[in-house]
Structure formats: C-alpha cells, structure tokens
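Each residue of the sequence shown is one higher than the one before, starting from 114 at the first, in this note's numbering. Here is the structure we will look at.
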Amino acid sequence: MIDVTDLLDPLNDAQRQAVTAPSQAMLVLAGAGSGKTRVLVHRIVWQIQVQGVSPHGILAVTFTNKAAREMRGRIEELLQRPTHNLWIGTFHGLAHRLLRRHARQAKLPETFQVMDSADQLRVIKRILQALNLDEAKWPPKQVQWFINAQKDEGVRARHMPETGDLYMRQMIAIYRAYEELCDRSGLVDFAELLLRAHELLRDNPDVLSFYQERFQQVHVDEFQDTNTIQYAWLRLLTQDKNNLFVVGDDDQSIYGWRGARIENIYSFQKHFPGHEVIKLEQNYRSTGNILKAANQVIAHNEGRLGKELWTEAGEGEPISLYAAFNEQDEAFFVIERIRAWIKEGGARADTAILYRSNAQSRQFEERLVQAGIPYRVYGGLRFFERAEIKNALAYLRLIANRDDDVSFERVVNTPTRGIGAKTVDDLRVIARDRGTSLWRAARIMLEHGMLSARAGNALAGFMQLVDRMAAETEGMELFEQVKRTVEKSGLIEFYQNSKGEQGEEKVENLEELVNAARLFDPAIDNEDNLGPLELFLAHAALEAGEMQGEDFDDCVQLMTLHSAKGLEFKVVFMVGMEEGLFPSLQSVEDPKRLEEERRLCYVGMTRAMQTLYMTYAESRRLYGRENYPRPSRFLREIPAEYLQEVRLRAQVSRPAAATPLKTAASASLSVSQYKLGQRVSHAKFGEGVILQLEGQGAQERAQINFKAAGVKWLMLAYAGLAAL
Ligand code: ATP
Ligand code: MG
Numbered sequence: 114m115i116d117v118t119d120l121l122d123p124l125n126d127a128q129r130q131a132v133t134a135p136s137q138a139m140l141v142l143a144g145a146g147s148g149k150t151r152v153l154v155h156r157i158v159w160q161i162q163v164q165g166v167s168p169h170g171i172l173a174v175t176f177t178n179k180a181a182r183e184m185r186g187r188i189e190e191l192l193q194r195p196t197h198n199l200w201i202g203t204f205h206g207l208a209h210r211l212l213r214r215h216a217r218q219a220k221l222p223e224t225f226q227v228m229d230s231a232d233q234l235r236v237i238k239r240i241l242q243a244l245n246l247d248e249a250k251w252p253p254k255q256v257q258w259f260i261n262a263q264k265d266e267g268v269r270a271r272h273m274p275e276t277g278d279l280y281m282r283q284m285i286a287i288y289r290a291y292e293e294l295c296d297r298s299g300l301v302d303f304a305e306l307l308l309r310a311h312e313l314l315r316d317n318p319d320v321l322s323f324y325q326e327r328f329q330q331v332h333v334d335e336f337q338d339t340n341t342i343q344y345a346w347l348r349l350l351t352q353d354k355n356n357l358f359v360v361g362d363d364d365q366s367i368y369g370w371r372g373a374r375i376e377n378i379y380s381f382q383k384h385f386p387g388h389e390v391i392k393l394e395q396n397y398r399s400t401g402n403i404l405k406a407a408n409q410v411i412a413h414n415e416g417r418l419g420k421e422l423w424t425e426a427g428e429g430e431p432i433s434l435y436a437a438f439n440e441q442d443e444a445f446f447v448i449e450r451i452r453a454w455i456k457e458g459g460a461r462a463d464t465a466i467l468y469r470s471n472a473q474s475r476q477f478e479e480r481l482v483q484a485g486i487p488y489r490v491y492g493g494l495r496f497f498e499r500a501e502i503k504n505a506l507a508y509l510r511l512i513a514n515r516d517d518d519v520s521f522e523r524v525v526n527t528p529t530r531g532i533g534a535k536t537v538d539d540l541r542v543i544a545r546d547r548g549t550s551l552w553r554a555a556r557i558m559l560e561h562g563m564l565s566a567r568a569g570n571a572l573a574g575f576m577q578l579v580d581r582m583a584a585e586t587e588g589m590e591l592f593e594q595v596k597r598t599v600e601k602s603g604l605i606e607f608y609q610n611s612k613g614e615q616g617e618e619k620v621e622n623l624e625e626l627v628n629a630a631r632l633f634d635p636a637i638d639n640e641d642n643l644g645p646l647e648l649f650l651a652h653a654a655l656e657a658g659e660m661q662g663e664d665f666d667d668c669v670q671l672m673t674l675h676s677a678k679g680l681e682f683k684v685v686f687m688v689g690m691e692e693g694l695f696p697s698l699q700s701v702e703d704p705k706r707l708e709e710e711r712r713l714c715y716v717g718m719t720r721a722m723q724t725l726y727m728t729y730a731e732s733r734r735l736y737g738r739e740n741y742p743r744p745s746r747f748l749r750e751i752p753a754e755y756l757q758e759v760r761l762r763a764q765v766s767r768p769a770a771a772t773p774l775k776t777a778a779s780a781s782l783s784v785s786q787y788k789l790g791q792r793v794s795h796a797k798f799g800e801g802v803i804l805q806l807e808g809q810g811a812q813e814r815a816q817i818n819f820k821a822a823g824v825k826w827l828m829l830a831y832a833g834l835a836a837l
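Structure (structure tokens):
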C-alpha cells in the first residue's frame, strides 16, 4: 500500500491539482515531456487508493499496446498489487474486447476475425475483380483509404447520399460490396472495430448503460490523436457523468492523415461546459538546448494553442548535426556513436534511431548486425505480417472459423496442392451467387459434382485437412495447437524444401510463432474467458509484432517517428533529415501537411533526454535512384546556438556534387584552422595526426593520434597545438 505522500510528492503543483481534482470533465493540455502521462497514471492510482474507486470502475485508453503495458506496470507498481479487471488498452484493443463480449448485439458471428490492413487490401482487390473494375482506374489503396476514411467518420455506405457524380457512385458501390463480403465472412477491419463498437453502444441501451455505470472514470492519453468515431465513443460512455479525463498536446497531433481530429480538443471544451483545463509548463525530460530547439521549430506553425515549456535541467550539449556523405556513411556514423555510448557504460535500450519511413531501417540494421549489437525494430514488416506467419495464422483462423474467406483464399493452395486459379474463380462465383462463404461454396460444388475429378479431389483433400486439424487440436494448449497446425498444414515441409536461406529463415519464423504462442498469456487481458486461440489471433492482428520470444530488454530501439510518440530515450538519432524525405515529398506542397510534418519533428526532438543527433545524407539511393537532397528545412529552423556540426570524414571523400549545408548553423560555423590528417604537435604529448574534428568555436574538439601518447580527444581552444 503506497502512502498518499509518496503518490503526490513526485508531482509539481499543477500536476497535483490535476491528479486530485474531484471527478469531472478535465483537459490537461501541455507540451511534450511535461508529465501528462505521469498525471494520468497517478490520477488512476489516486482514485483507487484515496477515492476508493474499484479498479473495475476504471477505463484508460492509450495509443499503443506498448504504452498500455507500461501504464499498467506503473499503476501496479504504485499500488503494489495486480489490476486485472482495470481496462487499459488502445481504442482498437478495447473495441475488440467489447465486440467479443457482445458479438450478437453487435450483429457479428461469435467467430469473427480481425483482419489487418494487408488482408483488407486483398479483400478490396477481390471485390474490384468481382465488379469488373480495372485496378489501374480504381487503385485498391485509394479504395481502402476511402472506405477507412468513411468509417473513421462513422459513415456507412448506406448513409452516403445519392449522387450524380459517377466516381462517387462507383466508390459507394465498392464500399457496399465490401461491407457485404466482410459481413458474410465474419471479417472486421481496424476501422470497423471502432465503428462497430460505437454502433453497439449507440443501438443497445442496455449495453451502454451497463458500461456507463461500470466506468466511473474514463482516461485518455494522447487525446489530440483521436478521430471522430473514437471521440463519439468516448462521449457515449461519459455523456451524463462528466467523468472524462483527457490529456494531450495539440503540437503533437501527427495522425491527421489517418483521420485524427485535432478539433476534438475544441469540441471537448464545447461538449463538457463544466470542464476544467490544466496546463503544465515544466518539462522534465530534456535538457535546455534540446527543449529550446524543439520550441523554436514548432513556433513556425500557425494556429497553435500556444504554450512554451521550460526546464530546470541544465543546457546540456548542443544538438549534434552530421552531414553524411551517403546513407551508408550515415549508418556508419550512427552505429559508431552507439558503440561509443555502450563502451562508456550506456545501456543499449536508452538509444533510439528514429526515421520518417520504414524503408530507412535496413541500412542501420545491417550495420548493427555487423557490429554485433542487439537491436529491435518496431513496426516495419512486422512479425505477424510476414507471409509465412500469415499462412500459418490463416490455417488457425480457418480452424476457428471456416467462413473466413480471406484465410481460405490464402492457403487453399499453399502449400501447392493443385488447386488452380480457375477453381478458386468458380468458387467465388458460386459464393457470390448464393451469398455464402467460399468454404460453403466448396461444399456445394463438391456435393453437386461441379468440379473436375482432379480439382475436386484436391479441394476435398484441403477441406479434410482443415477439419482434421480442427478435431485433433481441440482442447490442446494453445502452443501445441499452433505447433501441430504449423506441422500438419505442411508449411514447415514446404519451406524446408524451398531453396536457399530464405526458406530456412521462414522455418525459423514459424518456430518463433510457436514460441510466441507459448509465451502468450491470455490471462492478462481476459476477463471474459475467451478461447486462447481467439485471443491469440486477435492479438496477432492488433499487436505490432511486439512479442517475438527473445528478451528485448537491452536492445537499440529502431522505429518510425510516428511510433516514438509518448516514449523517451537518453540518446536519440533523428536520421534522414532531408527535404523530400522529412518533410516528405507529398507534404511540401500542402501547408497543412507540412505543419503536421513539423509536429512530427517536434515529437522526434522531444523524445531525447540527454543527447540528440540529427543526420542527413548528401546523396541517398531512394526507390532505386540516386538523389542529392537538400538538408531538411527543419534543420534551418533550429537556431545555430543549439547546434554543433560533427565532422568525421577520415574514410570517405566528398563528391563534387555534394550540397553544402545552408542552415542557420553553418552560417555561424567558424571554419576550423585544422584539417583531418593534419600533423600537429602538443607540448606534453608530442607529435600526432588529427583523426577527427567536431564541435565549433570554443567547443571544437579533435581526436589526435599521438606517436608516443596514443589517441586522445582534446579541446582545441585549450590544447595549444602547433601545426607542423
Ligand atoms: P509526451 O507529450 O511526450 O507524451 P508527457 O507529457 O506524457 O510527454 P511524461 O512522459 O509523463 O510526459 O513525463 C516525461 C518525463 O518526466 C518522464 O520521465 C516522467 O517520469 C518525468 N516527470 C514528469 N513529471 C515529473 C515531476 N513532477 N518530477 C520529476 N519527474 C517528472
Ligand atoms: Mg505522454
């Protein structure tokens, strides 16, 4: 049992006020690193400990699974007891839970399956085919975007107004066909989870009032990134009780492209007239230089709610800026710095490499592998998105739900068993005509002898295999179920026989899946006693591949800027600071999107506690082409006083085409009188050669290899070197 003073002491006055305020609608609006998440955690503990609210009566929504886990961990640490029946999760995770509990009222089959965005795209492609629409004219990704955008706004195909616009009419028809297919197959995409959960509450007064009564307090972190339907969902749950507590930062709204509505902050103020607003202004995360630089960058945006952060921490080091010759040199530099950090006793997990796009991670991964430094990539091609894993999951899904068409199509001929595209096309026609699933269509065709003997046998063999696996694995422990399925499906053998290392890697990944199942603990989130397989499958779709079996505690962290939201690291590398990459090419023409990119830059910079490196490459291969990008405009927005340029060019020569950096920083950089490779002499250490130079002005340092005394770093202003 924690003492109340222990709970309130680590808070400043404004934070304490937010934590202890009586139950009411509240908005904590504050910049990065000001303790919003800490306030949320302490408020939850305060309510349980002091107000006597049962953990059962508390709902907390966070943005990622990782954040949810961390939050639960913090709460349990403070309370010194487990909190199973306290609901913490992402919007998607919580919506999924509601739908599982109330599948019938949500008009879903009990066995409904969640599909990720790659599955969704496959379904859309199938529909375009069925409607005889040309993918060139109706790009599936665009259709996907359209459908998700409608759902995020709470709009179904039937709600869309009649229109004379041919394009819109067609889009609506595709949307409708998509909804029908998903309903028939029991498939739910990410946006559907939210929309369905909202409809469930809206249309079932008994369900709604049950949860309204249950949740005495509703807490939301990263409120600036909620979309319309998420906000509507929150309002339903809290409308009469005024018990919605949200924390957020308008400057960190980075999901506008996915339908997030920063306006929700204004709507909140309108919808909850009696609410209280608390602002936090002290930053506890970053050093002065980093914070001031970030403040300056974000100041270039217009229409901000406006707040300035200060810190008691010292100025710290300036931000280090490194102009790499190319992307390999960039990776080389970053890994060298990480190596040095580890050598000095720093923890790997305290360093993060943040990039704008997933494709950038490869260079860093290769170097890390070479250097033998363990690392972990968040996002990217996530574990559960790999083809071999999806195939195994598809078998598991079919075992759970034979009507899952996406899974059926995925593995009906994987491993190859002689079921051709023609047979699958025939199945689709029957399924469509009869409004049924592919599995049932296959049954019908087999019963009526509508297939050639060869195709019929192959198909019957496949269906028997699935039925047999289902019968055999029933009642088994989850990991055994997964293990058996992976083997019996023939996938292991299939990949073993495929040539090269890739096959081997795939087999290893399948083994890893079994391992993941072994480590999966359905008890954590399972008040509802769902089957472990169902939970595992939902987890695989919802979770960002966050559970390969190894111990990930001490690894360098690699992730996109988007996924770094809410996190903090002692040492941060923001790489690829180039026009066309960051800000992205698509955003530079559009002032709104450019502002969102700038907020992303603010998010990135404010992840750093002690040391921030920003790097850009003077030449970069992107999409198979050599580019010579200009340094990012965001670098120019950082005043020179907060930056120092790092030079470390012993191994590479600069090409003539390299663009010099024209930032505010370079304007004020004094050109060092020393050069790499230059011979110098020192009063005490004798003669030596300059290996590296970094810093500027009074901060300039050189690494020198002295003949007699070995390698040393010296501050040039004090070293009293003589050039030889
Ligand atoms: P973000 O906007 O990036 O999500 P945040 O506002 O949620 O940031 P937190 O992550 O809660 O900020 O806090 C930032 C850091 O400051 C954390 O390491 C936290 O433990 C620490 N911190 C917060 N408040 C205090 C305090 N009053 N005293 C000491 N440390 C604090
Ligand atoms: Mg936070």
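Backbone N, C-alpha and C fix where the C-beta goes; we use that ideal spot for every residue, glycine too. Treat the numbers as computed from the prediction; the structure is a model and nothing was measured.
Glu248 has its CB no nearer than 7 Å to any heavy atom of ligand 1.
If you look at Lys825, you'll find it in the beta strand (DSSP E) that goes 823 to 828. With respect to the 8 Å criterion, Arg631 and Phe592 are classified as neighbours on the basis of their beta carbons. For Arg734, the pairing in a beta bridge is given by DSSP as Glu739. For Gln791, same chain residues with a beta-carbon under 6 Å away, outside a window of 5 residues either side, are Ile803 in chain order. Counting only runs of at least 3 residues, the stretch 140 to 216 fully encloses the following beta strand (DSSP E) elements, listed from N- to C-terminal order: 171 to 175, 200 to 203. Cβ neighbours of Phe686 within its own chain (closer than 6 Å, five residues either side excluded): Val447, Ile466, Tyr726.
Comparing alpha-carbon positions, the option among Arg185, Gln137, Phe798, Leu153 lying closest to Lys354 turns out to be Gln137. For Gln330, the secondary structure class from DSSP, reduced to helix, strand or coil, is strand. Here Gln128 is buried: its Cβ has 16 or more other Cβ atoms, across all protein chains shown, within 10 Å. Ile367 and Leu748 have their C-alpha atoms some 19 Å from each other. By the C-beta criterion, the stretch 237 to 253 is judged to be in contact with the stretch 279 to 297, since at least 3 inter-stretch pairs fall below 8 Å. Thr150 has its Cβ nearer than 7 Å to a heavy atom of ligand 1.
Contact check for Val141 and Leu393: beta-carbon distance about 7 Å, within the 8 Å limit, so the pair qualifies. A contact between stretches requires three or more CB pairs, one per stretch, nearer than 8 Å, and the stretch 518 to 535 fails this requirement with the stretch 200 to 209.
If you look at Tyr488, you'll find it in the beta strand (DSSP E) that goes 488 to 490. Given a length threshold of 4 residues, each whole run of the alpha helix (DSSP H) inside the stretch 212 to 272 is given here in chain order: 230 to 243, 253 to 265. Listed as beta-bridge partners of Phe819 by DSSP are Gly801, Gly823. The DSSP-derived three-state label of Lys392 is strand.
Between the stretch 664 to 679 and the stretch 176 to 185, the count of C-beta pairs closer than 8 Å reaches three or more; the two stretches touch.
With the rule of 3 Cβ pairs closer than 8 Å, the stretch 472 to 480 counts as touching the stretch 435 to 446. About 6 Å separates the Cβ atoms of Arg417 and Asp363, confirming a contact at the 8 Å cut-off.
Remark: C-beta atoms of Gly616 and Asn396 do not approach each other more closely than 8 Å. Closest option to Leu294, judged by alpha-carbon separation, among Arg185, Arg235, Ile817: Arg235. Distances from the CB of Asp353 to the heavy atoms of ligand 1 are all 7 Å or more. For Val359, the enclosing beta strand (DSSP E) begins and ends at 357 to 361. Residue pairing by DSSP places Met576 opposite no residue, since no beta bridge is assigned to it. Taking C-beta atoms under 8 Å as the contact rule, Val793 and Ala822 fail to qualify, at a distance of about 13 Å. In the DSSP assignment, Lys596 falls within the alpha helix (DSSP H) that extends over 591 to 601. Residue environment: Lys405 is assigned as buried (16 or more neighbouring CB atoms within 10 Å of its CB, all protein chains considered).
With contacts defined as CB atoms closer than 8 Å, Asn261 and Ala231 fail to qualify as a contacting pair. The continuous beta strand (DSSP E) containing Val669 extends over residues 669 to 673. For Ile342, the enclosing alpha helix (DSSP H) begins and ends at 341 to 351. Assigned with DSSP and collapsed to three states, Ser433 falls in strand. Shortest gap from the CB of Gly679 to any heavy atom of ligand 1: under 7 Å. In the displayed model, Glu292 falls within a helix according to three-state DSSP.
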